[in-house]
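S.K.:
Number of protein chains: 2
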Amino acid sequence: MAEFRDPPPYFQAHVFVCCNRRPDGHPRGSCAARGSEKLRDYMKVRAKELGLKGVRINQAGCLDRCEFGPTLVIYPEGIWYQPETPADVDEILTAHLAEGGRVPRLMLTEKDVPPPKR
Amino acid sequence: MAEFRDPPPYFQAHVFVCCNRRPDGHPRGSCAARGSEKLRDYMKVRAKELGLKGVRINQAGCLDRCEFGPTLVIYPEGIWYQPETPADVDEILTAHLAEGGRVPRLMLTEKDVPPPKR
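Order-wise, the sequence lines are chains P and R. Reading the first sequence from the start, the letters are residues 1 to 118 in full-length UniProt numbering. Reading the second sequence from the start, the letters are residues 1 to 118 in full-length UniProt numbering.
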């Protein structure tokens, strides 16, 4: 399946922070109710302060991993994180986005959540 | 840089439709002002109708390619599209998401927009 040549990535890393908000008391909860909007704002500011190039931080609608919120996903690698504090966000910015590593203690893995049915 | 093994992708294809809205008359315009919210709603409904598995359609904040809006990006492949009509969305759903191909006439390419400075 490669009769086409894809253009190079527009962003080196594209981060989507779930900012879905459900009503108070909803059984699944939501990332915004768990503070994701402040983490998104913090991440945008810090990414700029760190001078990260080719990195875009966006908010997104419900990423459907609500039980683990606040959640974010980084593409193209498709790595999911569950940051709870600004310090967690700093660690993702530095270790993953700046240095190309991972932050295993904050990652959602297969073990945490099996992939959805195909 | 591979002292870690990344978990398998949680979604086979993760689509982000820019739904950023700027005030009327803003010089850059915005995807929502160009109808992206209706296209997002349509895409969600049609993806379900088509029974696409492992595909998630999300809205996102400003993807920063406003001049080409409405825009969407599909990860992990990082392909950008500029759908203008429900028929365009159908073509992306069928040719790209269901069949793994591309829809060149709707794609943003290097030629259209040079990559951002790193």
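Beta carbons: idealized from backbone N, C-alpha and C, even for Gly.
#1: Which of the three DSSP states is assigned to ARG56 (chain P) in this structure?
#2: Could you give the C-beta distance for CYS19 (chain P) and SER36 (chain P), rounded to a whole number, given that I count them as a contact under 8 Å?
#3: Does PRO70 (chain P) come within less than 7 Å of chain R when only Cβ atoms are used?
#4: At 4 residues or longer, what runs of the alpha helix (DSSP H) sit wholly inside the stretch 35 to 116 of chain R?
#5: Compare the C-alpha of GLU67 (chain P) against each of P:CYS31, P:VAL89, P:PRO83, P:VAL55 and name the closest.
#6: Please list, in chain order, the chain C residues whose beta carbon lies closer than 8 Å to that of TYR75 (chain P).
#7: Any idea if MET1 (chain P) is buried or exposed, counting beta-carbon neighbours within 10 angstroms, 16 or more meaning buried?
#8: Which residues does DSSP list as the beta-bridge partners of CYS18 (chain P)?
#9: Identify the contact partners of GLY61 (chain R) in chain P, using a Cβ-Cβ distance below 7 Å as the criterion.
#10: Quick one: does THR85 (chain R) have its CB under 7 Å from some CB of chain P?
#11: Quick check on THR109 (chain P) - is its C-beta less than 7 Å from some C-beta in chain R?
M.R.: Looking at the atomic coordinates:
#1: Correct three-state label for ARG56 (chain P): strand.
#2: 5 Å
#3: Not an interface residue.
#4: Listed in chain order, the complete alpha helix (DSSP H) runs (minimum 4 residues) inside the stretch 35 to 116 of chain R are 36 to 49, 86 to 91.
#5: P:CYS31
#6: Of the chains in the structure shown, none is chain C; the protein chains are P and R.
#7: Bear in mind that a pLDDT of 48 at MET1 (chain P), under 50, signals an unreliable position, so the number given afterwards is only what the model happens to contain. With fewer than 16 other Cβ atoms within 10 Å, it is exposed.
#8: P:ALA60
#9: Here the neighbours are ASN58, GLN59.
#10: no
#11: In terms of beta-carbon proximity, THR109 (chain P) lines the interface with chain R, with at least one pair separated by less than 7 Å.
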